[in-house]
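Reading through the structure tokens given below for one structure.
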Amino acid sequence: MAKEAGGIRVNKLSNNGIKMKIFSLLALLLIILTVQLVPASYIKGNPFSSIKDSYPLDSRISGWINLSITDEPIDSLFMGNFGGNATLKELLDLNLINYSCNPSDCNADYTASSGSGALTKEYNLNSQEKIISFKLDGNFRGIADNGIKIKIQGTNSDSCSNPLKIDILDDGIVEFTASNYSKDFSCAYENSGYGCFSASGSTSETEIEETPYCNKVRLVEGSAFELGAFVKKDAGAAAYEEGLLNMELYDEGGDFIDSCSLPEINSSNSGREFRCRINYTNNKISYHYSCLSSTEPSSGYKTKYETNNACGFFDTPPSENYAADYQLYARGAKYGNTGIINIDEESYSESGNSGAGTLAQYITDYIETKYDSDCSGGSGCVIPIRIKTDSSINVKLLEASVKYRTSVGVLETKTIYDSEKTPAKISLPKYSKLNLDKAGFLVSKAYGNVTFVLSYKGTELLSKKIEVKRIPLITSVKPMTLAAYQKTLFTATIANTPSIWNNYSITYSWDFGDETTSSKVETQTNTASHTYEDIGDYTLKLAITDSKGNTHSKEFEINVQNPKDAINKTLADYKKNLNKINVQLSQIPSWQSGFIKQRISLNNSEKEISELEKAYVGAINDNDEDAFLDIMASLSELYIPSEIKASSKSTGIPLDVSDDGIIVSSLEEVSGQNYPDSDETAGAILAWADENVNVLIDYQTISGYGEGVDDLVTAYKIRIIPLSQDAEPLYLIINEGDLSFASNYSPYYGDGFYGISLNGLSSGTEKSIEFLTSSTSLMEEPDSLRIFVAPSPSKLDLEDLGNNNIEPCNFNLACEPELDEDYSNCPSDCRNNTRTIIYIVAVLIVAVIIYILMMWWYRNSYGSHLFKNKKDFDNIMLYITKSSGAGMSEDKIKENLKKAGWKGEQIDYAMKKYGEEK
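The sequence shown stops at residue 2318 when you use this note's numbering, and every number in between is there.
What follows is the structure, encoded as structure tokens:
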């Protein structure tokens, strides 16, 4: 017998059978509820995200995501598809969000692997790491004095990579490392240790003096380094004395590390490289400065330099006044066989770790913090040690002893365990909005519509269409150092201003940060005046909004000084900058440096500084406060960058011109010849140029760096390479105005364009034309230069070009055989119907096949696509079945499922399946 009850079919059983059945059903129900109630490790909130739609170039993603997080690994990684990443902990910390960790200290947990304990261990590692551990038991009261003794032996071949690093407690601090080195000093991170110097291009020579010549170089890990330089002795130089020329090494912060003297220089003709060596332990790949200097102001010895893509300087480190690269290098010695490393109190102190106290205290603090000194549990207290190699090594743990105090006395363990590391897990008590603005996720480096994808643990978390727009950007505000009680005119420099747009405007919102009644102003120009009444540091916030609704903001640190002090500092800074600029300008071609000097009014600035210095001395003698204010006002009007260097560059850009770029009237002015009055002339010029000449464009934009970055000039080199002897005479037309040429090319200047006649060209031989421009549009977009080349009109083949389906077709959509129109010469009028029918049939067949495949995929694979885990599908179907059986409406079921986090597509599919089964 059986009967229906509440939609469930129940069999008539004995009492025990009924009890067992009820128990089974309750257990099943409990499992189902447990599956439904236990949340995923992370759950998207509703709403889940808000990401800004548009961005300027070189900016960061702005917006937030909304997540609930339970037991997620602390090092889980968020990554943007255009660059930038952050761990889960980093993102939560950036947002100042409270969270809980397991373990509570938010550090990794370690377990000593069962059955792995031994008195000695041996590992063969190849660019790998291994975590070992010691397990302490009992009521811990501290590591005994001199209680740590471990003996490790490493056997390896010579290598530029560190063969052995030992990190006590696996906290990221390497306390012990291989230190033996070989006699092979050939290890360099890049470019053989020369930094940015390249001998393949054009080099010059400069005399070595007291001010050092320095290269910025990335130094490899190592225990000893070789410093070298090209040196040439002038014929009239005095005899070399020991210590005259010295190599010096500085860290990235400019702190002096060590120096060595170059040996006797005996090369007076072509010169060569000389070297010396220092003992210095560099524990990680990092930037340093290798420098060469003399103890005499005029040594009579020279070294080589070049100015292409410079990252070196003529100054004392640190400096960012990159003007040239010098033939200097820094290379590390290869690591030799590691041998024996003893880990104890003495070696711990000798390795430079004593600042953290003793080794015993270091480990004691760890156990007290992590385990609260309670090692009585079955797992005990685990002391982890990470062994790592960047090469290949055989590691033997020959012996070990850890002595520690407990409530029963001093105990000792000699057992070494393999250890497993489990990252800490983070949980949030509720949904939290995580702001992405400070996480550093980049936007695309190209303009246009793109898709930003944020992934989490390698899986797409969100996808958002964004637009990278050419919108105005604030690059600088001047001045940034000024005097108190002085009304100062601030000027903002804006890039990417599309001045060609009609009715375009920008509104400037200034917040000077001193909380006075006049601290916030709004202007329609890029200038604003303000008076700071107190000495100190202020944050100036500037926001701009253009008439298209685009916005950008930036903050600047303003230093307000006593007028008298500000003048002294500003004069000193400007004089130092002038000296550096003159050195930098001396190292670029004179035709470029002369133009730049005029551009920044260098000669006038030098004269003005000299006059203001005299006025300053007079004001001090007279204690004339009004004079101080006048001098400071004059200084604030000067433009003297701290350095001048290339801010962007490119080489070998192929000339790409459309028909619209060919201005025949300009060509006729330059050549003095008449070209055919035909719509096909431009196409004929392009066709001829494509076959007979190769044109490449090189450029670099030179900018002044100081309180901001100001583009000064863009230097172009047009490289013309004839591909045949038929390439002359050739005419180069530059559809730009206000150019300055490198030499006398005898250019013709027309109305907004230049033209140059080129003769004496040979096939395969390059001819170069160099010029400068200070055009704002070209400095912002150097690759928008408008040029073309053309031959004399007699070399144009308009007839062949005209045969390209132009005649006899009249494009009237009617095929006229009497005019000799057919499909081959007039496809727009004479359509091939057979081909069209075949094409349509083929498209229909493909469409039917695609439809069948889609139906098959929907029936067989769509469900697994929506539900990666079959249990998820079973759970949702069970819920729908139960709810429907209880009389719940379809809309209510969908609403509840949505609240639970199911996607609409999943809900629709499950409801359809339920309907089919029902």
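Glycine included, every Cβ here is placed at the ideal spot set by N, Cα and C.
Please read all numbers here as calculations on a predicted model, not as lab measurements.
- By the CB criterion at 8 angstroms, tyrosine 1687 and glutamate 1652 fall inside the cutoff.
- According to the DSSP assignment, tryptophan 1991 belongs to the alpha helix (DSSP H) that extends over 1990 to 1999.
- Separation of the CB atoms of isoleucine 2062 and alanine 2087 is rounded to 11 angstroms, and the pair is thereby denied contact status at 8 angstroms.
- One Cα belongs to alanine 1544, the other to serine 1459, and the distance between them is close to 54 angstroms.
- Pairing lysine 1803 with phenylalanine 1576, the inter-Cα distance amounts to about 20 angstroms.
- With respect to the 8 angstroms criterion, lysine 1825 and glutamate 2180 are not classified as neighbours on the basis of their beta carbons.
- Under the criterion of beta carbons closer than 8 angstroms, tyrosine 1847 and valine 1868 qualify as touching, at roughly 5 angstroms.
- Between the stretch 1584 to 1594 and the stretch 1782 to 1789, the count of C-beta pairs closer than 8 angstroms stays below three; the two stretches do not touch.
- In the three-state scheme derived from DSSP, where H, G and I count as helix and E and B as strand, tyrosine 1904 is classed as coil.
- Between isoleucine 2031 and alanine 2015, the C-beta spacing is below 8 angstroms.
- If the five residues before and after valine 2057 are omitted, its C-beta is found closer than 6 angstroms to the C-beta atoms of Phe2188, all from its own chain and listed in chain order.
- For glutamine 1961, the pairing in a beta bridge is given by DSSP as Ala1883.
- Under the three-state reduction of DSSP output, methionine 2179 falls in the helix class.
- Burial check for glycine 1736: the Cβ neighbour count within 10 Å reaches 16 or more, so the residue is buried.
- Its Cα nearest to that of phenylalanine 1674, the residue Ala1730 stands out among Gly1700, Ala1730, Lys1684.
- With distances taken between CA atoms, phenylalanine 1956 lies nearest to Leu1940 out of Leu1940, Leu1971, Gly1636, Ala1966.
- Straight-line measurement puts the Cα of asparagine 1526 at about 14 angstroms from the Cα of aspartate 1558.
- Taken through DSSP and simplified to helix, strand or coil, alanine 1928 comes out as strand.
- Note on geometry: alpha-carbon atoms of threonine 1893 and isoleucine 2053 lie some 29 angstroms from one another.
- Leucine 2096 has Pro2054, Arg2119 as its beta-bridge partners, per DSSP.
- Within the DSSP bridge table, the entry for isoleucine 1894 names Ile1874 as partners.
- The beta-carbon distance between leucine 1644 and threonine 1606, rounded to whole angstroms, is 16 angstroms. This is too long to meet the 8 angstroms contact definition.
- Here proline 2076 is near proline 2193, since their CB atoms are less than 8 angstroms apart.
- DSSP, read as helix, strand or coil, puts lysine 2282 in helix.
- Following the DSSP letters along the chain, one finds glutamate 2006 inside the alpha helix (DSSP H) bounded by residues 2002 to 2022.
- In this structure, serine 1623 lies near asparagine 1679, with their beta-carbon atoms less than 8 angstroms apart.
- Taking a contact as a CB-CB distance under 8 angstroms, the pair histidine 1952 and leucine 1873 counts as one, their CB atoms being some 5 angstroms apart.
- Along the stretch 1448 to 1504, the alpha helix (DSSP H) occurs as fully enclosed runs of 4 or more residues at 1488 to 1494, listed in sequence order.
- Nearest in C-alpha terms to glutamate 2166, of all of Gln2125, Thr1917, Ser2140, is Gln2125.
- Note: methionine 2032 is not bridge-paired with any residue in the DSSP secondary-structure output.
- When DSSP states are grouped into helix, strand and coil, tyrosine 1735 belongs to the strand group.
- In terms of CA proximity to isoleucine 1531, Lys1788 leads the group Gly1628, Ala1639, Lys1788, Ser1751.
- Here lysine 1814 carries a coil assignment [DSSP, helix/strand/coil].
- In the three-state reduction of the DSSP assignment, leucine 2266 falls in the helix class.
- In this model, proline 1697 and tyrosine 1640 are separated by some 14 angstroms (Cα to Cα).
- In the displayed model, serine 2174 falls within coil according to three-state DSSP, outside both helix and strand.
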